[in-house]
Structures are given as structure tokens and as C-alpha cells.
Amino acid sequence: MLNRRHLRIKILHVLYAFYQDEEGDVVKTKKALDHSIEKMQELYLLLLVMIGSMQSFAIDRIEAGRKKQLPTPEDLHPNTKFVTNRPLRVLANSKNLSKATADGSIGWGNHQEMLRKIFRGLLDHEEYTTYMASEERGFRHDREYLIRMFRKHMINEELFQDNLEELSIFWNDDLDLAASMAIKTIKTIGEADEDVELLPLWRDDDDDRKFFEGLFEETLVQAKENEVFVTEAAANWDLERIALMDRILMKMALAEARTFQSIPLKVTLNEYIELSKYYSTPKSHGFINGILDELFSKLKKDGIIKKTGRGLIE
3 MLNRRHLRIK ILHVLYAFYQ DEEGDVVKTK KALDHSIEKM QELYLLLLVM IGSMQSFAID
63 RIEAGRKKQL PTPEDLHPNT KFVTNRPLRV LANSKNLSKA TADGSIGWGN HQEMLRKIFR
123 GLLDHEEYTT YMASEERGFR HDREYLIRMF RKHMINEELF QDNLEELSIF WNDDLDLAAS
183 MAIKTIKTIG EADEDVELLP LWRDDDDDRK FFEGLFEETL VQAKENEVFV TEAAANWDLE
243 RIALMDRILM KMALAEARTF QSIPLKVTLN EYIELSKYYS TPKSHGFING ILDELFSKLK
303 KDGIIKKTGR GLIE
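Residue numbers (our numbering): 3 to 316.
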């Protein structure tokens with residue numbers, strides 16, 4: 003499921019594009035934001051489809067061995083432990099997953115060769131060799147191996163990551179969260195289950211959705227006013243040399259602090275400092291920390307930032 007850090011990153015990316023665009027089309031930007039969320043859901047489903055597809059490649063390999071003109075004893079009596087891995091079989095035959103991808107827009111149609119190469123690489127992986135040689139059997143054993151296979155081999159495959167970048171500009175940032183959702187989905191498969199329950203992208207309550215919508219809208223609504231606050235606080239700095247990314251991060255942080263009264267200021271401050279470490283210049287986090295810390299104190303004293311809830315009211 004989506005977490006708030008990921009939502010902040012989504013908003014940061016579209017706002018960066020928005021402020022670089024001379025037209026500054028808000029409607030277009032909102033559509034891009036919604037599309038990025040849809041692509042996140044698509045990646046999650048694609049990862050599950052990719053895992054399930056490994057069974058069909060394994061079946062094809064066994065059948066090809068049996069059809070050889072001079073099959074070896076191993077070809078005639080293959081080790082079927084991987085093919086019969088029960089959580090893998092549930093994914094490969096999942097009606098819920100098939101239904102979620104039924105319209106044809108979600109799938110690896112043009113990338114079957116990539117999946118085949120990932121499977122071939124899997125055969126040479128130490129985890130696979132150890133799993134196939136082990137006499138241990140059982141549902142938990144199968145599930146633990148499937149998770150290790152996915153986490154250690156499949157998503158770290160260079161070929162996969164290269165293709166991922168080509169398929170969507172969003173997916174490099176989305177991969178960690180989508181992969182954690184896929185792993186969580188595998189963990190929910192029970193021994194008696196015949197299908198897999200897909201995770202919702204949003205939690206049951208709509209707090210995160212409101213946060214997402216509100217942060218995007220309020221960052222734009224409050225942009226001019228928050229720009230003034232930043233300009234005043236950075237009076238000793240050459241404003242033209244302040245990176246666009248830094249200015250967007252600070253305006254987002256101020257909008258969040260002013261809009262969401264139940265989020266502690268320390269949480270907001272720390273989140274945007276962390277984002278600056280990944281998405282801005284090496285020295286940005288120190289600059290942003292100093293400016294926001296000063297502004298949060300001043301705006302709270304002036305009553306512009308108000309906090310409610312236990313531990314938030316001083």
C-alpha cells in the first residue's frame with residue numbers, strides 16, 4: 003500500500019515538471035499525478051505476473067527435456083520441486099490476478115524474452131540450486147524460497163531494471179514499494195488458498211488519499227505566500243542560486259505544516275530533509291533544515307501554523 007513518503011515523492015516529481023513548464027498547466031499536472039498512481043498499481047500487478055510466469059517457463063523446460071531425441075535420465079525424471087511450489091502455483095493460476103489484468107493493458111506481452119532470460123538466470127542462482135537439492139518439503143519452505151528468489155534475483159536482474167526504466171519513467175522510484183507489496187501478497191497466501199488476495203493501493207480509510215490530494219492542491223494554492231516566507235528567511239542567500247528542487251521542497255513542507263494539523267512539525271521537517279538528500283544537491287539538506295526550522299518556529303508563533311492533538315499543542 004502507498005505510504006506518505008511515496009506520495010510526497012509523487013507530488014514532488016509532478017511539481018518539478020510543472021514549474022519547469024512555461025505554461026504551468028494545473029489540470030495537466032493533476033492528470034500526470036493521477037497517472038503516476040495508476041502506474042504504481044500496474045507495476046505491482048506486473049511483478050506478481052512476472053513471478054507467476056516462472057512456473058510456465060519451468061514447465062516448458064521440463065517438456066523440452068522429455069522431447070529430446072536422446073533424453074538423459076534427468077530429462078525423463080526431472081526434479082519438479084520448483085514447478086510444484088505451491089505459492090508459485092497459486093500465483094500462476096490466480097483468477098484474481100487474471101481478472102485485474104484482463105483488459106490487456108497490463109502484461110509483459112512484448113517482453114517475454116526478458117522473462118525467459120530472467121528464468122534462465124534463475125537456474126544458475128545459488129538459491130535455486132540449494133532449494134532444488136534440499137529434501138525439505140512444505141508450504142512454508144516453498145513460500146520462503148519464492149520470496150528469496152524474487153527479492154534477491156528477479157528484481158535485481160540488470161536486464162529487468164533496464165527494461166523497467168524504458169517501460170515507465172515512474173517505475174525506478176516505484177520499484178521498492180511495489181516489490182514490498184508483492185512480497186506482502188506472497189506472505190498472505192495460506193496453505194489452503196487456491197487464489198491470492200490482491201492488496202489495495204490505498205488503505206481502507208481515506209486519510210492518505212486526503213493527504214495526497216490536499217498536499218498537491220495546497221502546495222499550489224499557497225505557493226506565492228510560501229515563496230514570500232522562504233524569500234524572507236533566506237534574505238542572506240542569493241535566491242537565484244537556490245535550486246528549483248529546494249524551493250519546491252520547502253513550499254511543499256510549508257503547505258504540509260500549515261494544512262495538516264495532526265502531523266507533527268518534526269515529522270514534516272525530517273521527511274523533507276530526507277527527500278532533499280535523494281533529489282537535490284549534496285548541501286541542500288542543511289540549507290533546507292535551517293530555513294524550515296526557522297520558518298516553522300516563526301509561523302507557529304504567529305499562529306499561521308496550528309497543530310492539534312495530543313503532544314502537538316504547546
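Built from N, CA and C at the ideal position, the CB exists for glycine as well.
ask   = By Cβ distance below 6 angstroms, which residues in the same chain neighbour F141 in space, the five residues on each side in sequence not counted?
value = R88, E193
key: Euclidean distance between Cα positions of M247 and Y281   = 8 angstroms
Closest residue to T1 among G288, N291, K309, E196 (Cα-Cα distance) = In the structure as shown, the chain starts at 3 and stops at 316, and residue 1 therefore has no counterpart that could be examined.
query = Near I315, which residues of its chain fall below 7 angstroms by C-beta distance, leaving aside the five closest residues on each side in sequence?
reply = Low per-residue confidence applies at I315: pLDDT is 49, beneath 50, and the placement is therefore not dependable, though the value from the model is reported in the following sentence. Excluding residues within five positions, the ones whose Cβ falls inside 7 angstroms are K309.
request  = Leaving aside the five residues before and after A184 along the sequence, list all residues of the same chain whose C-beta is less than 8 angstroms from its C-beta, in chain order.
outcome  = Y46, L49, L50, I53, F152
ask   = Using DSSP with H/G/I as helix, E/B as strand and the rest coil, what is I315?
value = Caution is warranted here: a pLDDT of 49 is assigned to I315, below 50, making its placement in the model unreliable, and the coordinate value is therefore given only provisionally. Note: I315 maps to coil in three-state DSSP.
query = Anyone know if the C-beta pair for A235 and E146 falls short of 8 angstroms?
reply = no
ask   = Is the Cβ-Cβ distance between P73 and G67 less than 8 angstroms?
value = yes
task = State the Cα-Cα distance for the pair N291 and V29, rounded to the nearest angstrom.
result = 31 angstroms
query = Leaving out the 5 sequence neighbours to the left and right, which residues in its chain are closer than 6 angstroms to M134 when beta-carbon positions are compared?
reply = N81, K83
Secondary structure of F298, DSSP reduced to three states = helix
ask   = Counting Cβ pairs, one atom from each stretch, are 3 or more of them under 8 angstroms apart for the stretch 117-132 and the stretch 92-105?
value = no
request  = Return yes when the Cβ of R118 is within less than 8 angstroms of the Cβ of F162, no when it is not.
outcome  = no
ask   = Under the three-state reduction of DSSP, which class applies to K308: helix, strand or coil?
value = coil
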